[in-house]
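Since the structure comes first, as structure tokens, the remarks are kept for the end.
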Amino acid sequence: AANSASMIYFKQGPPEWLFWPTILFIARAAMNTVVMLVSHWVELGCIDGSYAVLTKWNIFMMLVEVTNAYNLGNMFLWGEHTIKANMTCDPWDHDKGTREHPGTQLCPLVLHPVKFALAVGLKWIHFIFELMNTKGLGHSVLPAFKAVTGTDALAFMVFLMIIVFGTVQTYWALPIREHLPKDGRSVFALVFMKVFRLELLGDFDISELEGEDPVLKGNWSGDHLSGHIEEAKESELFHDAVMIIVLFASVVVTVLSMNVAIGVVSTAYSNNKANSNQLYCHFQSGYAFKLLLRRAAVHTISPRLYHCIFRDDGANQDDAQQEEDGYFIGFDERWFMDSNDLDEEFELLQETISQNRQKLDNIASKLASGETTDKAAKSRAKNKKRR
Numbered sequence: 001a002a003n004s005a006s007m008i009y010f011k012q013g014p015p016e017w018l019f020w021p022t023i024l025f026i027a028r029a030a031m032n033t034v035v036m037l038v039s040h041w042v043e044l045g046c047i048d049g050s051y052a053v054l055t056k057w058n059i060f061m062m063l064v065e066v067t068n069a070y071n072l073g074n075m076f077l078w079g080e081h082t083i084k085a086n087m088t089c090d091p092w093d094h095d096k097g098t099r100e101h102p103g104t105q106l107c108p109l110v111l112h113p114v115k116f117a118l119a120v121g122l123k124w125i126h127f128i129f130e131l132m133n134t135k136g137l138g139h140s141v142l143p144a145f146k147a148v149t150g151t152d153a154l155a156f157m158v159f160l161m162i163i164v165f166g167t168v169q170t171y172w173a174l175p176i177r178e179h180l181p182k183d184g185r186s187v188f189a190l191v192f193m194k195v196f197r198l199e200l201l202g203d204f205d206i207s208e209l210e211g212e213d214p215v216l217k218g219n220w221s222g223d224h225l226s227g228h229i230e231e232a233k234e235s236e237l238f239h240d241a242v243m244i245i246v247l248f249a250s251v252v253v254t255v256l257s258m259n260v261a262i263g264v265v266s267t268a269y270s271n272n273k274a275n276s277n278q279l280y281c282h283f284q285s286g287y288a289f290k291l292l293l294r295r296a297a298v299h300t301i302s303p304r305l306y307h308c309i310f311r312d313d314g315a316n317q318d319d320a321q322q323e324e325d326g327y328f329i330g331f332d333e334r335w336f337m338d339s340n341d342l343d344e345e346f347e348l349l350q351e352t353i354s355q356n357r358q359k360l361d362n363i364a365s366k367l368a369s370g371e372t373t374d375k376a377a378k379s380r381a382k383n384k385k386r387r
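Printed below as a string of structure tokens:
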């Protein structure tokens with residue numbers, strides 16, 4: 001954010017006090033991936049460590065860190081044009097030139113805006129994921145995140161995208177003039193966005209889909225133009241095909257499929273919300289496992305460094321010299337319970353109490369019947385003695 005502000009508001013690269021922290025950030029992004037791999041390999045071995053590290057979550061985070069390190073490193077360290085502290089960086093100058101004739105713009109923040117924007121966006125995503133370790137966001141946001149990224153939701157999203165790409169190819173088969181190849185125009189992006197707006201957003205214009213423009217009619221009266229804009233003419237070649245595509249996409253995708261997708265996500269969210277505490281604890285356990293694994297790797301590589309970093313000053317030296325093979329983690333079972341778990345426990349408790357009451361009633365009835373039998377036997381014995 002500070003690098004962007006320096007370019008936009010001051011028309012220069014990062015100042016000296018910001019340049020070197022950015023370099024450290026690039027080094028940290030590169031080292032974070034190395035530390036994750038090395039800590040798993042050192043403690044778990046190559047095969048088990050690779051199996052443990054190659055999860056969907058770890059792969060995504062490694063891709064984020066590697067992408068940030070490569071893009072920012074290419075802009076700050078080893079690219080054709082690298083960023084220097086306090087260099088001229090005018091965002092109004094877009095003259096990038098060619099290899100034979102370099103332009104006037106030499107600042108990578110302007111020459112490669114997509115790389116820098118991607119690095120900023122990915123880092124924000126990383127930061128948001130880190131925030132989900134907090135209790136408030138963890139209990140509230142994680143159920144929704146798990147619902148959107150769950151197996152059912154992802155499978156249905158893949159199904160929707162297959163339909164979208166099928167519609168894109170069908171629509172692209174119409175030889176509309178503005179969809180024909182031309183230098184400086186991304187034809188596929190144009191066609192895809194039209195279909196994306198039509199199917200997923202329900203935003204479309206028949207004349208735009210037919211490739212027809214509105215008609216401007218008017219006349220000049222001296223220096224004054226008077227006129228009006230008329231609707232585009234109906235295309236004789238493509239109107240019927242476009243109407244069929246619009247009807248199919250509107251009914252099947254925009255109305256039916258999108259409502260089904262909402263239902264799938266809503267059902268998954270309801271189930272996840274009922275187990276929000278367990279999801280939060282499971283999410284935290286992944287971070288705790290990696291942190292403990294790094295500590296164990298440091299202990300394996302350099303025990304002295306480990307005791308200098310992680311041991312208290314008052315720690316017993318005899319304990320510090322002992323071999324450490326793992327960690328003992330203690331917890332209270334109630335930490336992982338959700339409201340539905342407590343309800344189930346309460347129902348079980350009530351059922352147990354009712355069963356115990358029945359048993360006590362049976363015992364009491366048996367005791368009462370036993371006392372009655374004893375009294376009858378005593379009375380018979382007394383009658384015999386009298387006789």
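Just so we're aligned, residue 1 is where the sequence shown starts under the working numbering, counting upward by one.
By construction, the Cβ of each residue, glycine as well, lies at the ideal position given by its N, Cα and C atoms.
TODO: Could you tell me if T167 is buried or exposed, where buried requires 16 or more neighbouring beta carbons within 10 angstroms of its beta carbon?
DONE: Buried, since its Cβ has 16 or more Cβ neighbours within 10 Å.
TODO: Excluding the 5 residues preceding and the 5 following G314 in the sequence, name in chain order all residues of the same chain whose CB lies nearer than 8 Å to its CB.
DONE: Interpretation of G314 is limited by its pLDDT of 47, a score under 50 that renders its predicted location unreliable; the figure taken from the coordinates is listed afterwards. Non-local beta-carbon contacts of G314 in its own chain, meaning distances under 8 Å to residues more than five positions away in sequence, are absent.
Open item on the list: Whole angstroms are fine: how far does the CA of D205 sit from the CA of E396?
Closed with: There is simply no residue 396 to check, as the chain begins at 1 and stops at 387 in what is shown.
Open item on the list: Below 8 Å on the Cβ atoms is my contact criterion, and I expect V164 with E199 to pass it. Report the Cβ-Cβ distance as a whole number of Å.
Closed with: Correct: roughly 6 Å between the Cβ atoms.
Open item on the list: Does the beta-carbon of H299, which I'm using as the reference point, lie nearer than 6 Å to any heavy atom of the ligand GTP?
Closed with: With respect to the ligand GTP, the structure offers nothing, as it holds no ligand at all.
Task: Which listed residue (M87, S285, K273) has its alpha carbon closest to that of G330 - done: When only C-alpha atoms are compared, the closest one is S285.
Task: For N277, the first and last residue of its enclosing beta strand (DSSP E) - done: Unbroken run through N277 is the alpha helix (DSSP H), 276-301; no beta strand (DSSP E).
Task: Opening and closing residue of the alpha helix (DSSP H) in which V215 lies - done: V215 -> not in any alpha helix (DSSP H); beta strand (DSSP E) instead, spanning 215-221.
Open item on the list: In this structure, how does DSSP classify V230 when only helix, strand and coil are distinguished?
Closed with: Strictly speaking, residue 230 in this sequence is Glu, with Val absent from that position. The answer is strand: DSSP assigns E230 an E or B state.
Task: For L72, the three-state DSSP class (helix, strand or coil) - done: Reduced to three states, the DSSP call for L72 is helix.
TODO: Give the range of the alpha helix (DSSP H) segment to which K84 is assigned.
DONE: Note, K84: premise wrong, no alpha helix (DSSP H); not H, not E.
- [ ] Run the CB neighbour count on Q105, radius 10 Å, all protein chains shown included, and call it buried at 16 or more, exposed below.
- [x] Buried is the label assigned to Q105, since at least 16 other Cβ atoms lie within 10 Å of its Cβ.
TODO: For I229, I'd like the list of residues in its chain whose CB is within less than 6 Å of its CB, leaving aside the five on either flank, ordered along the chain.
DONE: Hits under 6 Å: P214, L216.
Open item on the list: Restricting to Cα atoms, I'd like to know which of L109, K233, I245 is closest to W172.
Closed with: It is I245.
Open item on the list: Per the DSSP calculation, G97 is bridged to which residue(s)?
Closed with: As a beta-bridge residue in DSSP terms, G97 pairs with P102.
Open item on the list: Could you compute how far the alpha carbon of Q317 sits from the alpha carbon of R304?
Closed with: With a pLDDT of 47 at Q317, under the threshold of 50, the predicted position of this residue should be treated as unreliable, and no value is reported.
Open item on the list: If you reduce the DSSP assignment to three classes, tell me which class D313 lands in.
Closed with: The pLDDT assigned to D313 is 46, lower than 50, so where the model puts this residue is not dependable; a value taken from the coordinates is nonetheless given after this. Shown here, D313 sits in coil according to DSSP, grouped into three states, outside any helix or strand.
TODO: Assess, as a yes-or-no matter, whether the segment 73-90 is touched by the segment 51-60 under the definition of 3 or more beta carbon pairs within less than 8 Å.
DONE: They do not touch, by the three-pair rule.
TODO: Please say whether L142 and F283 have beta carbons closer to each other than 7 Å?
DONE: Contact flag set, yes.
TODO: Rank W57, L279, P175, Q12 by C-alpha distance to the C-alpha of S235 and give the top, closest one.
DONE: Here the closest residue by C-alpha is P175.
Task: Cβ neighbour criterion (16 or more within 10 Å) applied to E100 - done: Under this definition E100 is an exposed residue.
Open item on the list: What would DSSP say about A320, mapped onto helix, strand or coil?
Closed with: Low local confidence applies: a pLDDT of 48 at A320 is under 50, so the model's placement there is unreliable, with the coordinate-based value given in what follows. Helix, per DSSP.
Task: Residue from E43, P108, E208, A189 whose Cα sits closest to the Cα of G13 - done: If we check each option's Cα against that of G13, P108 comes out closest.
Open item on the list: What does the Cβ neighbour count give for I353, buried or exposed, with the cut at 16 atoms within 10 Å?
Closed with: Burial call: exposed.
Open item on the list: So within the segment 94-170, which uninterrupted alpha helix (DSSP H) runs reach at least 4 residues, ignoring any that extend past its ends?
Closed with: For the segment 94-170, whole alpha helix (DSSP H) runs of length 4 or above, ordered along the chain, are 108-111, 113-131, 135-148.
- [ ] Check whether the Cβ atoms of I26 and A69 lie closer than 7 Å to each other.
- [x] Contact: yes.
Open item on the list: On the criterion of 16 or more Cβ atoms from any shown chain inside 10 Å, does V253 qualify as buried, or is it exposed?
Closed with: By the C-beta density criterion, V253 is buried, having at least 16 other C-beta atoms within 10 angstroms.
Task: C-beta atoms of A147 and N272 nearer than 7 Å - done: Cβ atoms of A147 and N272: closer than 7 Å.
Open item on the list: When you compare the CB positions of L293 and E43, do they come within less than 7 Å of one another, or not?
Closed with: Inclusion of L293 and E43 in the CB contact set at 7 Å is warranted, their separation being smaller than that value.
Task: Cβ pair count under 8 Å reaching 3, the segment 151-158 against the segment 185-196 - done: Short answer: they don't touch.
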